[in-house]
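K.L.:
In terms of our numbering, the sequence shown opens at residue 50 and continues consecutively.
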Amino acid sequence: MVAVSSGNSGPDYTSLESPGLARRSISVGATDKTDLIAPFSSRGPIPGFDGWLKPDILAPGVAIISTYLSGTYASASGTSMAAPHVSGAAALVKQMHPTWTPEQIKASLMNMALDLGLNVHTQVAGRLRVDRVAFTPGLVLPDIISFGTVDSSHPRWSDARLLWLENITATERNYSLSAESLLLDSFSVSIDPASLTLQPGEK
50 MVAVSSGNSG PDYTSLESPG LARRSISVGA TDKTDLIAPF SSRGPIPGFD GWLKPDILAP
110 GVAIISTYLS GTYASASGTS MAAPHVSGAA ALVKQMHPTW TPEQIKASLM NMALDLGLNV
170 HTQVAGRLRV DRVAFTPGLV LPDIISFGTV DSSHPRWSDA RLLWLENITA TERNYSLSAE
230 SLLLDSFSVS IDPASLTLQP GEK
């Protein structure tokens, strides 16, 4: 799994930069120590790529103490300071689950992220919570679902996507599932079935 910085061209939307646009990477935006989005942190959407949501996750990226070119330490800000937090978190997840794929690692980080109440083009999953990943009750794949551009003038527009839920614990677990539209209150989103029981390792 590759963690990349989303870019420092915020706060405008459609400001993501390469390599933060890479589809299979985990693109990282920046927050400060109070969980406010850093004004410089680049945002989506990505023009011309319908349904492709970035950045994937946020992490601390303001006034971060790190090594410096002279061999000393210095405080710096930027999404390049946020991405290493996610890279380190991914390494810890890989250590806990050596057989997991990059997709599973990315999903675990995004599934357990803290929702900061920002719109999907600013935060997607939310702020990294690596301490919660060790206690995740299951994995939801893919890590995020987009229905792309919706024709709001069409009264009967509908679509469906397939989700996988995997019980990664050592015991039988009961799951209750719900969904909500992140952008349009006028459209309803539902999950079927809304509850299920999975055995250890079952999906």
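Ideal Cβ placement from N, Cα and C applies to all residues, glycine included.
1. Helix or strand or just coil, what does DSSP make of THR171?
2. For the alpha helix (DSSP H) containing THR63, name the first residue and the last one.
3. State the start and end residues of the unbroken beta strand (DSSP E) segment that holds GLU215.
4. With a CB to CB cut of under 8 angstroms and the five nearest residues on each side skipped, what residues in its chain are close to SER91?
5. GLN153: buried (16+ other C-beta within 10 angstroms of its C-beta) or exposed?
6. As a quick exercise: from SER157, ARG72, PHE184, pick the residue whose alpha carbon is nearest that of ALA174.
7. Taking only runs that begin and end inside the stretch 102-157, name each unbroken beta strand (DSSP E) of 3 or more residues, in chain order.
8. Report all residues from its chain with a CB closer than 8 angstroms to the CB of ILE75; omit the five preceding and five following residues, and keep chain order.
9. So, using beta-carbon positions, are THR80 and ALA87 closer together than 8 angstroms?
10. For THR83, which residues does DSSP report across the bridge?
11. To the nearest angstrom, report how far apart TYR117 and ARG176 are at their CA atoms.
12. Looking at ALA125: is its Cβ nearer than 8 angstroms to the Cβ of ILE113?
13. For ASN223, which residues of its own chain have a beta-carbon under 6 angstroms away from its beta-carbon, when the five flanking residues on both sides are left out?
14. Going by C-alpha distance, which of ALA209, GLY137, LEU188, SER237 is nearest TRP149?
P.N.:
Taking the structure as given:
1. In this structure, THR171 counts as helix in the three-state DSSP scheme.
2. No alpha helix (DSSP H) contains THR63, which DSSP labels as neither H nor E.
3. 213-215
4. If you ignore the 5 residues before and after SER91, its C-beta comes within less than 8 angstroms of the C-beta of SER55, GLY56, ASN57, SER58, GLY59, SER64, LEU65, GLU66, GLY69, GLY78, PRO104, THR128, all in its own chain and listed in chain order.
5. buried
6. When only C-alpha atoms are compared, the closest one is SER157.
7. You should have 106-109, 113-116, 122-125.
8. MET50, VAL51, ALA52, VAL53, ASP105, ILE106, VAL135, ALA139, LYS155, LEU158, MET159
9. yes
10. Paired residues: none, contrary to the question.
11. 26 angstroms
12. yes
13. THR246
14. Ranked by how close their Cα comes to the Cα of TRP149, the residues ALA209, GLY137, LEU188, SER237 have LEU188 in first place.
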